[in-house]
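What follows is one structure encoded as structure tokens, with my remarks underneath.
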Amino acid sequence: MQLVLEARAFAEDSLGLPAGETFTQYTQLERDTLVLVLSGAASDALEPVLWRFPVVGRLPYKGYFRLEDALAAEAKLAADGFDTYLRPASAFSTLGWFNDPLLSTTAAQDSVDLVSTVIHELTHNRYFAKGDATFNESFANFVGGRGAERFFEARGDSALARQAAARWADDRRLAAFWLRLYTSLDSTFGAHSGDSSRLLRVALRDSIYRGARATLVRDVAPQLQSLSPVYAERVKLDNAALLARRVYMSDLERFERALEAAGGELNRAISALIAEHSRGRQ
136 MQLVLEARAF AEDSLGLPAG ETFTQYTQLE RDTLVLVLSG AASDALEPVL
186 WRFPVVGRLP YKGYFRLEDA LAAEAKLAAD GFDTYLRPAS AFSTLGWFND
236 PLLSTTAAQD SVDLVSTVIH ELTHNRYFAK GDATFNESFA NFVGGRGAER
286 FFEARGDSAL ARQAAARWAD DRRLAAFWLR LYTSLDSTFG AHSGDSSRLL
336 RVALRDSIYR GARATLVRDV APQLQSLSPV YAERVKLDNA ALLARRVYMS
386 DLERFERALE AAGGELNRAI SALIAEHSRG RQ
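Position 269 of the sequence shown, counting from 1, maps to 404 under the numbering used here, and the rest follow consecutively.
And the structure:
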């Protein structure tokens with residue numbers, strides 16, 4: 136809890152992220168999973184299933200607090216012919232509308248992930264563009280990853296700062312891989328458009344994913360510093376999983392260029408990126 140309080144103070148004082156009363160209380164859950172998050176996508180196109188919510192607009196994921204509800208929703212999507220991707224999440228943000236507590240599922244993370252999660256969720260308090268999940272989550276992922284590194288540097292904890300930097304470097308490597316895979320699939324689907332080509336699109340997709348698996352295991356996994364090689368062998372590869380990862384891992388290099396342009400000052404990069412994105416939505 137002390138680490139969380141220090142991280143939220145750093146986020147507010149050094150990064151300009153409004154903390155309010157977020158993470159000042161603790162809630163012990165009676166289960167080891169907070170929420171299950173479901174994503175869906177067409178099996179022959181890079182088109183996500185979207186759910187409409189008040190305030191935040193249309194989002195490419197939906198959370199379920201009951202396992203049976205999540206499995207039923209996933210089964211319905213699959214029966215309708217969609218790819219599905221169901222995974223657990225240890226935290227979420229109410230965007231400052233409520234005083235989100237520190238949950239036992241979040242507190243179970245190691246120090247680097249805990250601090251990154253705190254800063255990630257507080258980023259949503261600062262800026263959340265309605266209906267633009269990809270920018271919101273990728274931007275918060277960038278601020279959380281780089282923010283955790285800055286936090287541990289400020290504390291003089293070089294070991295954890297290096298861990299945070301390594302995890303962010305892995306995110307960037309994987310983001311580049313997911314982008315290449317997305318581009319390859321998008322080109323293939325576009326070259327074989329039309330209802331009569333659906334079976335062909337699915338067959339070509341499966342071939343591309345088989346090649347991607349081999350590349351991930353052979354070329355990408357040996358470069359990863361914070362993930363076991365088993366990750367590359369087991370990570371789910373289909374359209375729903377790919378689009379879900381792209382929600383959190385898009386434009387990371389653009390964010391990095393903004394950080395460089397800000398002279399490495401993360402608070403300045405945050406303000407610049409928010410201003411740029413706000414102008415683009417006008």
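Each residue gets a CB set at the ideal place from its N, CA and C atoms; glycine is no exception.
With contacts defined by Cβ atoms closer than 9 Å, T252 and V278 do not form a contacting pair. The shortest CA-to-CA distance from F217 to any of A242, A207 and P183 is the one to P183.
Bridge pairing for K197: L173 [DSSP].
One alpha carbon belongs to S178, the other to S319, and they sit about 15 Å apart.
Here P183 carries a strand assignment [DSSP, helix/strand/coil]. Straight-line spacing of the CA atoms in V250 and A300 works out to 13 Å. Taking a cut-off of 8 Å for Cβ pairs, the region 359 to 372 and the region 187 to 205 do not touch, as fewer than three such pairs fall below it.
Annotation: the continuous beta strand (DSSP E) that includes F217 extends over F217 to A224. I409 has its alpha-carbon roughly 20 Å from the corresponding atom of G155.
An exposed status is given to R353, since fewer than 16 other beta-carbon atoms sit within 10 Å of its beta-carbon.
Sixteen is the threshold: since fewer than 16 other Cβ atoms of the shown chains lie within 10 Å of the Cβ of E411, the residue is exposed.
Pairwise C-beta distances place the region 160 to 168 out of contact with the region 259 to 278, as fewer than three of them are shorter than 8 Å. According to the DSSP assignment, H412 belongs to the alpha helix (DSSP H) that extends over L401 to R416. Listed in chain order, the beta strand (DSSP E) runs fully inside the region 304 to 357 amount to none, counting runs of at least 3 residues. Within 10 angstroms of the beta-carbon of S273 lie 16 or more other beta-carbons, which makes it buried. Measuring C-alpha to C-alpha distances from E209 to each of L194, S174 and P236 identifies S174 as the nearest.
Contact annotation: the region 187 to 198 does not touch the region 139 to 156, with fewer than three C-beta pairs closer than 8 Å. Of all alpha-carbon atoms in K211, A356 and F287, the one lying nearest the alpha-carbon of R307 is that of A356. Around the beta carbon of Q358, a 10 Å sphere encloses fewer than 16 other beta carbons of the protein chains shown; the residue is thus reported as exposed.
In this structure Y220 is in contact with A376, their Cβ atoms being roughly 4 Å apart against a cut-off of 8 Å.
As DSSP reads the structure, T162 sits in a beta bridge with L238. Looking from the CA of G280, the closest CA among T323, D248, S342 and Y344 belongs to D248. Residue state for F188 is assigned as strand, using DSSP reduced to three classes.
Looking from the CA of Q244, the closest CA among L339, F312, R222 and L138 belongs to L138.
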